[in-house]
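**Q** One structure follows; several queries about it will come next.
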Amino acid sequence: MGRCGHLPWDSDAALDSASTELRTLCEWVESVLSRPLGPNSTEADLSLAFLACDFLCRLAPYWECEGLEAAMDSAFLRLDELQHFPDGFVRDPSYLLKLRSAFEAYRDADPLRIEGVPLPPGSPR
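Just so you know, we're using numbering that gives the first Met the number 0 here: the sequence shown kicks off at 0 and counts up by one.
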């Protein structure tokens with residue numbers, strides 16, 4: 000492995016650690032997205048589902064290919080369910096639509112080649 004200055008990830012051990020952490024985060028996202036929302040869902044459940052959809056959108060370029068389609072299918076279901084909850088839950092309801100658009104674009108193209116992953120609500124432009 001070449002040297003790029005003194006970057007902390009410029010070693011096999013650091014890359015292995017980062018890969019393990021990324022895999023753990025992807026497994027958490029899949030776990031959250033696999034749980035359907037319903038009338039008894041708490042605000043915490045809604046927040047976790049929303050966060051998992053957002054993480055999936057941002058992690059898609061790094062996701063292992065065989066699990067990405069299933070995770071996106073689950074994300075579509077959770078986004079549909081989130082739209083049925085009170086408007087106050089998501090400060091910017093259009094963000095749910097932006098996430099949906101990003102997932103639809105990912106179905107047709109390599110996520111690494113797509114520009115325009117939506118900014119989270121409240122981010123500086």
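Glycine is no exception: its CB is placed at the ideal position from the N, C-alpha and C atoms.
Does the distance from the CB of Leu81 to the CB of Leu95 come in under 8 Å?
**A** In contact: Leu81 and Leu95 (Cβ atoms closer than 8 Å).
**Q** Drop a sphere of 10 angstroms on the beta-carbon of Ala108, count the other beta-carbons inside from all chains shown, and report buried for 16 or more, exposed for fewer.
**A** The residue in question, Ala108, is exposed, as its Cβ has fewer than 16 Cβ neighbours within 10 Å.
**Q** In angstroms with no decimal places, state the Cα-to-Cα distance between Arg106 and Ser18.
**A** Cα to Cα, Arg106 sits roughly 24 Å from Ser18.
**Q** Taking only runs of the alpha helix (DSSP H) that begin and end inside the region 43-79, which ones reach a length of at least 4 residues, in chain order?
**A** Runs found: none.
**Q** By the three-class DSSP mapping on this structure, what secondary structure does Thr41 have?
**A** Three-state DSSP puts Thr41 in coil, outside helix and strand.
**Q** With C-beta atoms as the reference, is Phe36 less than 8 Å away from Asp44?
**A** It is Leu, not Phe, that sits at residue 36 in the sequence shown. Contact flag set, yes.
**Q** If Leu21 and Tyr61 are in contact, beta carbons under 8 Å, what's the gap, nearest whole angstrom?
**A** At roughly 6 Å, the Cβ-Cβ gap stays under 8 Å, so Leu21 and Tyr61 are in contact.
**Q** Please go through the same chain and pick out, in chain order, the residues whose beta-carbon is closer than 8 Å to the beta-carbon of Ser73, but skip the five residues on each side of it.
**A** Glu29, Leu32 and Ser33, listed in sequence order.
**Q** Going by C-alpha distance, which of Pro38, Asp79 and Arg99 is nearest Arg57?
**A** For Arg57, the nearest C-alpha among the options comes from Arg99.
**Q** Cβ atoms of Leu55 and Ala69: under 8 Å apart, would you say?
**A** Contact flag unset, no.
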